[in-house]
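Asker: So the sequence shown is numbered by numbering that gives the first Met the number 0: it starts at 0 and just counts up by one. Glycine residues also receive a C-beta, built at the ideal position from the N, C-alpha and C atoms. Okay, handing you the structure first.
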Amino acid sequence: MSPIDRGFAAVVYGGSVLFALLIVGLFVELVLGSWPSLKAFGPSFIWHSAWDPVANKFGALPMIYGTVVTSLIAIVLAAFVGIMAAVFLADFAPRWIATPLSFLIELLAAVPSVVYGLWGLFVLAPLVRTAIGPALQHVLGWTPLFSGPIYGVGLLTGGIILALMIVPTVTAISREVIAAIPRDLREASMALGSTHWETATRVVLPAARIGIFGACVLGLGRALGETIAVTMVIGNRPEISASLFAPSYTLASVIANEFTEATTSLYISALIELGLILFLVSIVVNALARLMIWRVRGSRA
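Laid out in structure tokens, this is it:
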């Protein structure tokens with residue numbers, strides 16, 4: 000091995016070790032910062048729903064609930080729209096349409112979250128209150144998910160904002176993956192009598208499922224940790240409600256909204272523990288995604 004190759008290998012290994020040390024250091028720092036809260040509340044911090052800074056009573060369950068619900072809404076909406084858009088751009092749209100549309104979609108991924116938040120607060124929230132919410136309640140109001148008063152801000156609005164934010168990521172990556180599928184698969188399918196749509200849904204999408212799944216995981220990772228946009232439209236109320244119209248909180252939004260207002264060490268420690276929970280949730284989500292990818296690869300072998 001030449002000195003250049005050895006130097007390059009040393010830089011790569013050194014960067015990998017440094018990255019691992021940063022992750023470990025971040026975890027240690029979060030544990031140290033949240034230690035007073037860990038000692039005061041123990042594991043019950045996760046399933047208690049009280050959030051009363053005046054009485055120094057803190058529980059993470061409403062924030063965990065809000066994070067999970069908004070992220071699920073976002074990934075369901077974004078996955079369906081993003082994958083269908085990627086299929087259209089890669090296999091159906093003419094090049095003179097697909098190229099500028101793909102460029103615009105990639106630009107949407109770079110829009111700051113505060114812009115989405117402002118749009119959600121002044122455009123989407125009134126629309127949910129006056130049109131989307133009443134329409135959903137008229138059809139599905141018999142279910143707990145769409146019952147109760149419609150405020151405009153709440154879990155549904157937060158989920159829609161997150162979906163809009165991660166759709167460009169899902170679409171752009173899925174399009175690249177679908178476009179990378181060999182042309183021979185498409186031609187063989189159509190030679191056997193399949194239509195263009197059947198080829199896309201039965202041949203191309205199954206062949207690209209690993210990359211598409213990776214795109215959805217990346218989008219979900221952004222949805223879990225998004226802060227400013229969600230803070231502006233979710234209502235910021237630490238309560239658990241079955242209705243998607245109800246205001247709520249997420250792990251990231253409560254930290255951003257209340258960290259500067261924290262006046263006691265236990266209050267600050269509880270907020271840091273929320274950050275620790277979000278850190279662990281992100282690791283678990285990525286680990287599960289990796290296991291699922293290995294399983295899919297194993298089934299193809």
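Identify which residue in Leu287, Thr259 and Ala255 has its Cα closest to the Cα of Gly213.
Answerer: Against the sequence shown, residue 213 aligns to sequence position 214. Looking at the Cα atoms, Leu287 is the closest of the given residues.
Asker: Go to Asn256, then tell me how far its alpha helix (DSSP H) extends in each direction, as first and last residue.
Answerer: The sequence position of residue 256 within the sequence shown is 257, counting from 1. Taken as a continuous stretch (DSSP letters only), the alpha helix (DSSP H) holding Asn256 covers Leu250 to Glu257.
Asker: Buried or exposed: which applies to Asp90, given that a residue is buried once 16 or more other Cβ atoms fall within 10 Å of its Cβ?
Answerer: Within the sequence shown, residue 90 is the residue found at index 91, counting from 1. Result: buried.
Asker: Does the separation of the CB atoms of Gly153 and Leu243 fall below 8 Å?
Answerer: Translated into positions along the sequence shown, residue 153 becomes position 154. Translated into positions along the sequence shown, residue 243 becomes position 244. In contact: Gly153 and Leu243 (Cβ atoms closer than 8 Å).
Asker: Buried or exposed: where does Glu272 fall if 16 or more other Cβ atoms within 10 Å of its Cβ makes it buried?
Answerer: The residue labelled residue 272 in the question sits at position 273 within the sequence shown. Flag for Glu272 reads buried.
Asker: Whose C-beta lies closer than 6 Å to the C-beta of Asn55 among residues of the same chain, with five residues either side of it excluded?
Answerer: As a first step, residue 55 must be located in the sequence shown, where it is residue number 56. Around Asn55: Leu265.
Asker: Within a Cβ cutoff of 8 Å, which residues of the same chain sit near Ala255, ignoring the five residues on either side of it in sequence?
Answerer: Translated into the one-based positions of the sequence shown, residue 255 becomes position 256. Hits under 8 Å: Thr226, Ile227 and Thr230.
Asker: Let me check understanding here. Comparing Cα to Cα, which of Leu155, Glu197, Val283 and Gly210 lies closest to Gly119?
Answerer: Within the sequence shown, residue 119 is the residue found at index 120, counting from 1. That would be Leu155, whose Cα lies nearest to the Cα of Gly119.
Asker: What's the C-alpha gap between Pro35 and Ser268?
Answerer: Within the sequence shown, the letter at position 36 stands for residue 35. Within the sequence shown, the letter at position 269 stands for residue 268. C-alpha separation (whole angstroms): 6 Å.
Asker: Nearest to Ala59 by alpha carbon, out of Ala241, Pro237 and Val284?
Answerer: On the sequence shown, position 60 is the one that residue 59 refers to. When each option's Cα is compared against that of Ala59, the closest is Pro237.
Asker: DSSP three-state call for Ala300: helix, strand or coil?
Answerer: Taking the first residue of the sequence shown as position 1, residue 300 is located at position 301. Reliability of the predicted coordinates at Ala300 is poor, the pLDDT of 49 falling under 50, and the value obtained from them is presented with this limitation in mind. It is coil, neither helix nor strand.
Asker: With C-beta atoms as the reference, is Ala251 less than 8 Å away from Gly210?
Answerer: Indexing the sequence shown from 1 puts residue 251 at position 252. Indexing the sequence shown from 1 puts residue 210 at position 211. No; because the gap between Cβ atoms is not below 8 Å, this pair is not in contact.
Asker: Could you check where the alpha helix (DSSP H) with Leu88 kicks off and where it finishes?
Answerer: In the sequence shown, the residue the question calls residue 88 occupies position 89. Element bounds for Leu88: n/a, residue is neither H nor E.
Asker: Buried or exposed for Gly132, please, with buried defined as at least 16 other CB atoms from any protein chain shown within 10 angstroms of its CB.
Answerer: Within the sequence shown, numbered from 1, the residue matching residue 132 stands at position 133. The residue in question, Gly132, is buried, as its Cβ has 16 or more Cβ neighbours within 10 Å.
Asker: If Ile160 and Leu123 are in contact, beta carbons under 8 Å, what's the gap, nearest whole angstrom?
Answerer: Here residue 160 refers to the residue found at position 161 when the sequence shown is read from its first residue. Here residue 123 refers to the residue found at position 124 when the sequence shown is read from its first residue. Between Leu123 and Ile160 the Cβ distance is about 7 Å, and since that is below 8 Å, they are a contact.
Asker: As an exercise, report each continuous alpha helix (DSSP H) stretch of at least 4 residues that is fully enclosed by the region 63-135, in chain order.
Answerer: Fully enclosed alpha helix (DSSP H) runs of 4 or longer: 94-107 and 112-118.
Asker: Considering only their Cβ atoms, is the gap separating Ala108 from Pro167 smaller than 8 Å?
Answerer: By 1-based counting over the sequence shown, the position of residue 167 is 168. By 1-based counting over the sequence shown, the position of residue 108 is 109. Cβ distance < 8 Å, so Pro167 and Ala108 count as in contact.
Asker: Let me make sure I understand the geometry here. Which of Cys215, Val232 and Ser240 has the alpha-carbon closest to that of Ser75?
Answerer: Stepping through the sequence shown from its first residue, residue 75 is reached at position 76. It is worth fixing the name first, because residue 75 is Val in this sequence and not Ser. For the residues Cys215, Val232 and Ser240, the minimum Cα distance to Val75 belongs to Cys215.
Asker: Would you call Ser43 buried or exposed, if buried means 16 or more other Cβ atoms sit within 10 Å of its Cβ?
Answerer: Your numbering for residue 43 matches position 44 in the sequence shown. Exposed, because fewer than 16 other Cβ atoms sit within 10 Å of the Cβ of Ser43.
Asker: Spatial neighbours of Ala206 within its chain, please: C-beta separation below 7 Å, excluding the five flanking residues on both sides.
Answerer: Against the sequence shown, residue 206 aligns to sequence position 207. Here the set comprises Ile180 and Leu184.
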